[in-house]
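My numbering puts the sequence shown at residues 1 to 219.
See structure below.
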Amino acid sequence: MRDLFQEELVAINNDISQMADLVGKAINKATESLLFADREIAERVIESDVLLNDLASALDERCTMLTARQQPVATELRSVLGSMRIASSLERMGDLAVHVAKSARLRYPARAVPDELVETFRTLGHLAEELTVQLSRLVTNPDVTLAQDIQKADDKVDALHRELFRIVLSPDWSHGVEAAVDVTLLSRYYERFADHAVSVARRIIHVLTGEPYIDTVLH
Numbered sequence: 001m002r003d004l005f006q007e008e009l010v011a012i013n014n015d016i017s018q019m020a021d022l023v024g025k026a027i028n029k030a031t032e033s034l035l036f037a038d039r040e041i042a043e044r045v046i047e048s049d050v051l052l053n054d055l056a057s058a059l060d061e062r063c064t065m066l067t068a069r070q071q072p073v074a075t076e077l078r079s080v081l082g083s084m085r086i087a088s089s090l091e092r093m094g095d096l097a098v099h100v101a102k103s104a105r106l107r108y109p110a111r112a113v114p115d116e117l118v119e120t121f122r123t124l125g126h127l128a129e130e131l132t133v134q135l136s137r138l139v140t141n142p143d144v145t146l147a148q149d150i151q152k153a154d155d156k157v158d159a160l161h162r163e164l165f166r167i168v169l170s171p172d173w174s175h176g177v178e179a180a181v182d183v184t185l186l187s188r189y190y191e192r193f194a195d196h197a198v199s200v201a202r203r204i205i206h207v208l209t210g211e212p213y214i215d216t217v218l219h
């Protein structure tokens, strides 16, 4: 019976890894649509979110059925509940990628960010995608050091978010209110994306070690 439970957990982890890969592709393409004002790519990102939502729903159902059949306790229960919450966070990360794509679509054929901030958003996009790569590795090969690396990448995103906020509020800002709102919202999307990545990493470490879990999206 326990062997069957472990097999189910492996399958669930594979599904989570697949979700992380899809989220990484989504934020990569969303950033591309933003930087190049590409409406077609933005539309594909928005449409592909359905698959991610379906995977999250299927995984939630799978975990619920596993809990009902196997009645896990202690560490096993923590693993199942943790998997459900991780899938929920990954789904939200996909939603944030969609928000970026929708911003790009809204301003088409113009670009949603001023020219001088393109490289900053390119860096944000790269950091966000790298976070999903690290998450996928962490799911298949849990490691505390890798989880700490995810926290460091989040710190870089936070620093860029603060810098963009400073630029928008500067007296030298010359792009108007609409652009200021776009930049602020887009920066916030990437910042929250990274926060969810850290939340997933901490959730995985919680499952492994039983250490208290703190939701980085709320704190």
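Backbone N, C-alpha and C define an ideal beta-carbon position, used for all residues, glycine too.
Model, not experiment: these values are computed from the prediction.
In the pairwise beta carbon analysis, the region 39-58 is classified as not touching the region 151-160: fewer than three pairs are separated by under 8 Å.
In the displayed model, H196 falls within a helix according to three-state DSSP.
Secondary structure of F36 (DSSP, three-state): coil.
For E116, no alpha helix (DSSP H) segment is defined, and its DSSP state is neither H nor E. Looking from the CA of L22, the closest CA among D182, R166 and L90 belongs to L90. Residues V118, F121 and R122 of the same chain have their beta carbon placed closer than 7 Å to that of L35, with the five preceding and five following residues left out of the count. The beta carbons of L124 and V200 sit no closer together than 8 Å. Less than 8 Å divides the Cβ of A179 from the Cβ of P114. For H126, the three-state secondary structure derived from DSSP is helix. Counting along the chain, V168 sits inside the alpha helix (DSSP H) bounded by residues V144 to L169. Each residue's CA atom was taken as its position, placing I150 and A26 some 19 Å apart. In this chain, the alpha helix (DSSP H) harbouring D95 covers A74 to R107.
Taking a cut-off of 8 Å on C-beta distances, the region 165-185 does not touch the region 59-76, as fewer than three cross pairs fall below it.
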